[in-house]
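For reference, the structure discussed in these notes is given below.
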Amino acid sequence: MINNNPHNNPENRGQWSSKLGFILAAAGSAVGLGNLWKFPYLVGKNGGAAFLLVYILIVIGLGFTLMLGELVLGRKTQLNPLGAYRSINKKWGFAGGLGIVTSFIILSYYSVIGGWILAYIIRSLTGAFSGDTVAIFEELIAGVQEPLFMHFLFLFATVLIVYAGVSGGIEKYSKILMPTLFGFLIILSIRGITLPGASKGLEFYLKPDFTQLTTTAILAALGQVFFSLSLGMGAMITYGSYLPKDTNLPKSSVIIPLIDSFIAFLSGLVVLPAVFALGFEAGEGPGLMFITLPAVFAKMPFGIFFGSIFFILVLFAALTSSISLLEVCVSYVVDELKIRRRYACIILGILLFLVGVPSSLSLGLLKGVKIFGMVFFDLADFIASTILMPIGGLLLCIFIGWIWGSKKALKEVTNNGEIKFAASSLWEIAIKYVVPIIIIIVFFTTLTNS
Ligand code: TRP
Numbered sequence: 001m002i003n004n005n006p007h008n009n010p011e012n013r014g015q016w017s018s019k020l021g022f023i024l025a026a027a028g029s030a031v032g033l034g035n036l037w038k039f040p041y042l043v044g045k046n047g048g049a050a051f052l053l054v055y056i057l058i059v060i061g062l063g064f065t066l067m068l069g070e071l072v073l074g075r076k077t078q079l080n081p082l083g084a085y086r087s088i089n090k091k092w093g094f095a096g097g098l099g100i101v102t103s104f105i106i107l108s109y110y111s112v113i114g115g116w117i118l119a120y121i122i123r124s125l126t127g128a129f130s131g132d133t134v135a136i137f138e139e140l141i142a143g144v145q146e147p148l149f150m151h152f153l154f155l156f157a158t159v160l161i162v163y164a165g166v167s168g169g170i171e172k173y174s175k176i177l178m179p180t181l182f183g184f185l186i187i188l189s190i191r192g193i194t195l196p197g198a199s200k201g202l203e204f205y206l207k208p209d210f211t212q213l214t215t216t217a218i219l220a221a222l223g224q225v226f227f228s229l230s231l232g233m234g235a236m237i238t239y240g241s242y243l244p245k246d247t248n249l250p251k252s253s254v255i256i257p258l259i260d261s262f263i264a265f266l267s268g269l270v271v272l273p274a275v276f277a278l279g280f281e282a283g284e285g286p287g288l289m290f291i292t293l294p295a296v297f298a299k300m301p302f303g304i305f306f307g308s309i310f311f312i313l314v315l316f317a318a319l320t321s322s323i324s325l326l327e328v329c330v331s332y333v334v335d336e337l338k339i340r341r342r343y344a345c346i347i348l349g350i351l352l353f354l355v356g357v358p359s360s361l362s363l364g365l366l367k368g369v370k371i372f373g374m375v376f377f378d379l380a381d382f383i384a385s386t387i388l389m390p391i392g393g394l395l396l397c398i399f400i401g402w403i404w405g406s407k408k409a410l411k412e413v414t415n416n417g418e419i420k421f422a423a424s425s426l427w428e429i430a431i432k433y434v435v436p437i438i439i440i441i442v443f444f445t446t447l448t449n450s
């Protein structure tokens, strides 16, 4: 392939070609396994509607603040996370570097789960879900060749899209994948709601019962907001860095979390009423999508059709997220190590595959190998989601609030006063005090609980 697209060479880092393209790409990064797999099972496990409400409150209080923080830092510096921090304060490059490491770790096992989704699409198309779905799942994850091959395929697809560049690859695919996802989800949620007996599920999902709300639930909601909005590791710094200077950042920082939360809400509507209607347990946990849902599809009229659509949809969502994780690493390698985008993609793809191998095998063959009492897969997730992401978010707040200075950041947010930002003083208070304090509290509570 001859690279004659000026956006693809390292001298010109690339830019979104349209505002809609950017919004869809950023929303694509946010909408992923976090929304379709994690969110419904967290709601199911943590008491239903009350959890939903807490989640929404946290998105409003914390999600918008951090989203704007990351986007403004990226657009100001037009650099990868490490370069972005460093260009404002030489000593702070480490904060961006940490984000790059985090995204590498997350992608190494995210792609293992992405591989399971691929395997599930095949199983769903062949009608395998009429069998014992617990056995199907356990057999898959404990396997060797199949999960590794699917992990490879998922990464390969991710590399292929990122390889094609910012506007030619990521933006183009997000523009197709996101609306398709949205359309499918609407169809599936109508299917879910109209199943006989769905009303119990709807009540569970929409009628809050605050006696069900625990501290663990609130902690889980907070962690989920970080993960679902792709915050705390520079993904949005990177996407912000491809923005032209005239974009309205406050508006984007509201729209992206809105889309993300709406999709999470919809996937709850797809999953929960169906689970109740067909008499399954909503508190099943992580297996809800891989074990319970296939059983639900198997019992449903036209289950093979709806089940296949569902898993294809999850694949789309996972891909638009994995490309953002890879893009963070690629932008670093392209900017800082001056390696061509195409080589960067291939080298990183190979490394990610290799690091993912022990994660995948740790659920079967290497089950007995434990580090700090965890198998490799759990360890990678623990280090990235429980430790590195909150630290990344905290560093971002301190950096923007105190090192760069919230006043200077606001100048960039408002394009030197051209854009009205009514909530500017609220945002300052949030990023300097409220959000860092919340993160610290959650960080230590989670660590002492785990
Ligand atoms: N937000 C994605 C999801 O919900 C996962 C993800 C993509 C992510 N990029 C990220 C999480 C960056 C944290 C940071 O599945």
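Its first residue numbered 1, the sequence shown is counted upward by one per residue in the numbering used here.
Idealized CB from N, CA, C, for every residue including glycine.
Just so it is clear, the structure is predicted and the values come from calculations on it, not from any experiment.
My guess is that Trp485 and Met67 are in contact by the Cβ rule of under 8 Å, so how many angstroms apart are they, rounded? Nothing about residue 485 can be reported from this structure: the residues present for the chain run from 1 to 450 only.
Among the residues of its own chain, which have a CB less than 6 Å from the CB of Val357, if the five just before and after it don't count? Around Val357: no qualifying Cβ.
I need the boundaries of the alpha helix (DSSP H) containing Val101, first residue and last residue. 93-125
Per DSSP, cross-strand counterpart(s) of Ile371: Met374
Could you tell me if the beta carbon of Ala235 falls within a distance shorter than 7 Å of some heavy atom in the ligand TRP? yes
Relative to the alpha-carbon of Gly14, which residue among Asn415, Val330, Gly373, Gly393 has its alpha-carbon at the smallest distance? Val330
Assuming the contact rule is C-beta atoms closer than 8 Å, Ala198 and Phe276 should be a hit. Round their C-beta distance to whole Å, please. 7 Å
Short of 8 Å in beta carbon distance, which residues of its chain neighbour Thr292, apart from the five on each side in sequence? Order them along the chain. Thr133, Val275, Phe280, Glu281, Glu284
Terminal residues of the continuous alpha helix (DSSP H) containing Asn511? It is not possible to answer for residue 511, since the shown part of the chain is limited to 1 through 450.
Close Cβ partners of Asn3 (< 6 Å) along its chain, the five nearest in sequence each way excluded: Summary for Asn3: the model assigns pLDDT 35, below 50, so the residue's position carries little reliability; its value from the coordinates is reported in the next sentence. Contacts found: none.
Compare the C-alpha of Cys345 against each of Leu181, Tyr109, Val162, Val314 and name the closest. Val162
Quick one, which of Phe311, Val271, Ile263 has its alpha-carbon nearest Val30's? What sits at residue 30 in the sequence shown is Ala, not Val. Nearest option by C-alpha distance: Ile263.
For Asn35, count neighbouring Cβ atoms within 10 angstroms of its own Cβ and tell me buried if that reaches 16, exposed if not. buried
Just the C-alpha distance for Phe265 and Pro196, rounded to the nearest angstrom, thanks. 21 Å
For Val355, the nearest candidate out of Leu177, Val270, Tyr109 (CA to CA): When C-alpha distances from Val355 are compared across Leu177, Val270, Tyr109, the shortest belongs to Tyr109.
Looking at Ile387 and the ligand TRP, is the gap between the Cβ and the nearest heavy atom below 7 Å? no
DSSP state of Arg191, grouped into three classes? helix
Out of Lys408, Ser321, Gly63, which has the shortest C-alpha to C-alpha gap to Gly32? Ser321
Between the C-alpha atoms of Pro208 and Ser267, what's the straight-line distance to the nearest angstrom? 18 Å
In chain order, what residues of the same chain lie with their CB nearer than 6 Å to the CB of Val112, ignoring the 5 residues before and after it? Cβ within range, chain order: His151, Gly356, Ser359, Ser360.
Residues in the same chain with beta-carbon distance under 7 Å from Gly393, minus the five sequence neighbours each way, listed in chain order, please. Leu66, Phe226, Leu231, Gly232, Ile439
Residue from Lys367, Val413, Val442, Phe305 with nearest C-alpha to Pro390: Val442
For the pair the stretch 246-253 and the stretch 19-29, tell me if three or more CB-CB distances fall below 8 Å. yes
Please classify Thr215 as buried or exposed, where buried requires at least 16 other C-beta atoms within 10 Å of its C-beta. exposed
With 16 other CB atoms within 10 Å as the buried threshold, where does Gln224 fall? The residue in question, Gln224, is buried, as its Cβ has 16 or more Cβ neighbours within 10 Å.
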